[in-house]
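Q: Numbering (UniProt numbering), first residue to last: 1 to 195. C-beta atoms are modelled at their ideal positions from N, C-alpha and C, and glycine is treated no differently. These numbers come from a predicted model, not from an experiment.
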């Protein structure tokens, strides 16, 4: 797991209320760009996901998982493509449950910036490696009936006529380095796809 966030969904964008990340597997110069792009992807996915929906979207070698509740409180996680989606959604459900127990809606619905939520670090640590979890007991009773929608790429959730490359180029909240990171990852993935 690379990135975990609690997000307040509002129209097509959202506000990140709390987040935690681990980019130690990235090179020094890639860390900031990777963080920005994962933050951007999480916000975009939550913004385009209907309430009461769990979704997992693959983009190159990463998967962005999101869960939006009916009260518009959402959680997102970015993992590698080997991370089990059911474990990611258990993590997101626990994150939202713990967050709401810590901060009532009357507080998080009015928050303008990020809020202090120390529980996110413990949840991130617990779920950072799915091999450390007892999947049989964790899975039983914790996956609700909300349907998990799997998409192959972020492109599949874009609105008609939109392209991910265009959104990345137009994004105000992505630095030049993050845009370059995305483009170089896209190019390196394309050159290897014909092998």
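#1: Check the C-beta distance from residue 7 over to residue 88 and give it rounded, since I have them as a contact under 8 Å.
#2: So, are the CB atoms of residue 92 and residue 117 less than 8 Å apart?
#3: Count the other CB atoms within 10 Å of the CB of residue 181; is the residue buried (16 or more) or exposed (fewer)?
#4: Note the first and the last residue of the continuous alpha helix (DSSP H) segment covering residue 94.
#5: Mapping the DSSP letters down to three states, classify residue 58 as helix, strand or coil.
#6: From which residue to which residue does the beta strand (DSSP E) around residue 18 run?
#7: Are the beta-carbon atoms of residue 95 and residue 55 separated by less than 8 Å?
#8: Return the residue from the list 183, 108, 63 that minimises the CA-CA distance to residue 77.
#9: Taking its Cβ as the centre, do 16 or more other Cβ atoms sit within 10 Å of residue 11, making it buried, or is it exposed?
#10: Strictly by DSSP, which residues pair up with residue 35?
#11: From the DSSP secondary-structure annotation, give me the bridge partner or partners of residue 7.
#12: Taking its Cβ as the centre, do 16 or more other Cβ atoms sit within 10 Å of residue 61, making it buried, or is it exposed?
#13: Go ahead and pull the three-state DSSP assignment for residue 111.
#14: Should residue 14 go down as buried or exposed, given a rule of 16 or more other Cβ atoms within 10 Å for buried?
#15: Between which two residues does the alpha helix (DSSP H) carrying residue 124 extend?
#16: Going along the chain, which residues of its own chain have a beta-carbon closer than 7 Å to the beta-carbon of residue 23, five neighbours each way excluded?
#17: Classify residue 183 as buried or exposed, calling it buried when 16 or more other Cβ atoms lie within 10 Å of its own Cβ.
#18: Within its chain, find whatever has a CB closer than 8 Å to the CB of residue 175; leave out the 5 residues flanking it on each side and keep chain order.
A: Considering the structure as presented:
#1: Translated into the one-based positions of the chain shown, residue 7 becomes position 7. Translated into the one-based positions of the chain shown, residue 88 becomes position 88. With 8 Å as the limit, residue 7 and residue 88 do not qualify as a contact, their Cβ atoms being about 15 Å apart.
#2: Indexing the chain shown from 1 puts residue 92 at position 92. Indexing the chain shown from 1 puts residue 117 at position 117. The answer is no: Cβ separation not under 8 Å.
#3: The sequence position of residue 181 within the chain shown is 181, counting from 1. It counts as buried.
#4: Taking the chain shown and counting its residues from 1, one reaches residue 94 at position 94. Start and end: 85-102.
#5: Counting from 1 along the chain shown, the entry for residue 58 is found at position 58. Under the three-state reduction of DSSP output, residue 58 falls in the strand class.
#6: Taking the chain shown and counting its residues from 1, one reaches residue 18 at position 18. Where residue 18 is concerned, the enclosing beta strand (DSSP E) stretches over 13-21.
#7: For the purposes of this step, residue 95 is taken as residue 95 along the chain shown, with counting starting at 1. For the purposes of this step, residue 55 is taken as residue 55 along the chain shown, with counting starting at 1. No.
#8: The residue labelled residue 77 in the question sits at position 77 within the chain shown. Nearest C-alpha to residue 77 among 183, 108, 63: 63.
#9: On the chain shown, residue 11 is found 11 positions in, with the first residue counted as 1. Residue 11 counts as exposed, since fewer than 16 other beta carbons sit within 10 angstroms of its beta carbon.
#10: One-based indexing of the chain shown puts residue 35 at position 35. None; residue 35 has no bridge partner.
#11: Here residue 7 refers to the residue found at position 7 of the chain shown. Looking at the DSSP assignment, residue 7 forms a beta bridge with 16, 74.
#12: If you number the chain shown from 1, residue 61 lands on position 61. Residue 61 should be labelled exposed.
#13: As a first step, residue 111 must be located in the chain shown, where it is residue number 111. Residue state for residue 111 is assigned as coil, using DSSP reduced to three classes.
#14: Along the chain shown, read from residue 1 onward, the residue named residue 14 stands at position 14. Residue 14 is buried by the Cβ-count criterion.
#15: For the purposes of this step, residue 124 is identified with residue 124 of the chain shown, where counting begins at 1. Where residue 124 is concerned, the enclosing alpha helix (DSSP H) stretches over 119-127.
#16: Counting from one through the chain shown, the residue named residue 23 turns up at place 23. Counting only Cβ-Cβ distances below 7 Å, and skipping sequence neighbours, we find 2, 31, 34, 35.
#17: Position 183 of the chain shown, counted from the first residue, corresponds to residue 183. Residue environment for residue 183: exposed (fewer than 16 other C-beta atoms within 10 angstroms of its C-beta).
#18: One-based indexing of the chain shown puts residue 175 at position 175. Once the five neighbours on either side are set aside, the close Cβ partners of residue 175 are 32, 33, 36.
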